[in-house]
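*Asks:* Per the numbering used here, the sequence shown starts with residue 7, numbered consecutively. Heads up, the beta-carbon is just placed ideally off N, CA and C, and yes, glycines get one too.
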Amino acid sequence: MRWLFKPKTTKRLFLLCPIWCLETKLRKEFKDDPYFMTALGGSFSFDQAQIQQIKSLVCQNGIQKICVVANPKCKFIQNIIQPDTIHNTAAEELLANIYHKKYDEIQNETSFEDKCRRLSILHSEFQIAHLRSKPEILALIEHYNLDISIIVNHIPEIHKTNR
Numbered sequence: 007m008r009w010l011f012k013p014k015t016t017k018r019l020f021l022l023c024p025i026w027c028l029e030t031k032l033r034k035e036f037k038d039d040p041y042f043m044t045a046l047g048g049s050f051s052f053d054q055a056q057i058q059q060i061k062s063l064v065c066q067n068g069i070q071k072i073c074v075v076a077n078p079k080c081k082f083i084q085n086i087i088q089p090d091t092i093h094n095t096a097a098e099e100l101l102a103n104i105y106h107k108k109y110d111e112i113q114n115e116t117s118f119e120d121k122c123r124r125l126s127i128l129h130s131e132f133q134i135a136h137l138r139s140k141p142e143i144l145a146l147i148e149h150y151n152l153d154i155s156i157i158v159n160h161i162p163e164i165h166k167t168n169r
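1) Suppose only complete runs of 3+ residues qualify. What are the beta strand (DSSP E) ranges in the region 41-127, listed by chain order?
2) Round the Cβ separation of LYS2 and ASP38 to the nearest angstrom and send it over; I've been treating them as touching at under 8 Å.
3) Give the single residue among ASN151, TYR41, TYR109 whose Cα lies nearest to the Cα of CYS73.
4) Comparing alpha-carbon positions, which option in SER130, GLU131, TYR109, PHE132 lies nearest LYS121?
5) Buried or exposed for GLU98, going by 16 or more other Cβ atoms inside 10 Å?
6) Straight-line CA distance for LEU101 to LEU28?
7) Just how far apart, CA to CA, sit PRO162 and ALA145?
8) Taking DSSP's pairing of strands, which residues face ILE154 in a bridge?
9) Ends of the alpha helix (DSSP H) at LEU32?
10) What's the C-alpha gap between PHE82 and LYS140?
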């Protein structure tokens, strides 16, 4: 028997870091019709080129939802919580600023993992606020009734065994 209608799908635009290599995982989890836009550390400047890219993706592909990916396993986030190597990137600078502004909130978390999760969510909230502050994007959100949300990624640890 053939179905008379197709189930409704949601076209999503994921904003994430290319180093995380999450595209395959997100394609499997959100089978709809995912699109991806990347920036180091998931930190977007939302300059004119990025704004134009978002506008093109939304208008040409019917994007309905923008998902900012929060990744507590991000090496940049972990490096801010527990400094190891400074890479002097714009992503680290932004994360350090958020960390210092929200220091008490982050330090109230008990474990390293929880502190990383909190910083990753605060970073994603900042990215959404920054995105919404752009008049062209705000007009796009209103015109296309776009939904913007945070997806928190939890990557399970991979343990290798010697056999």
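*Replies:* Looking at the atomic coordinates:
1) 41-44, 71-76
2) It is not possible to answer for residue 2, since the shown part of the chain is limited to 7 through 169.
3) TYR41
4) TYR109
5) buried
6) 20 Å
7) The predicted position of PRO162 is uncertain, since its pLDDT is 44 and thus under 50; no value can be drawn from it.
8) ILE72
9) 29-35
10) 26 Å
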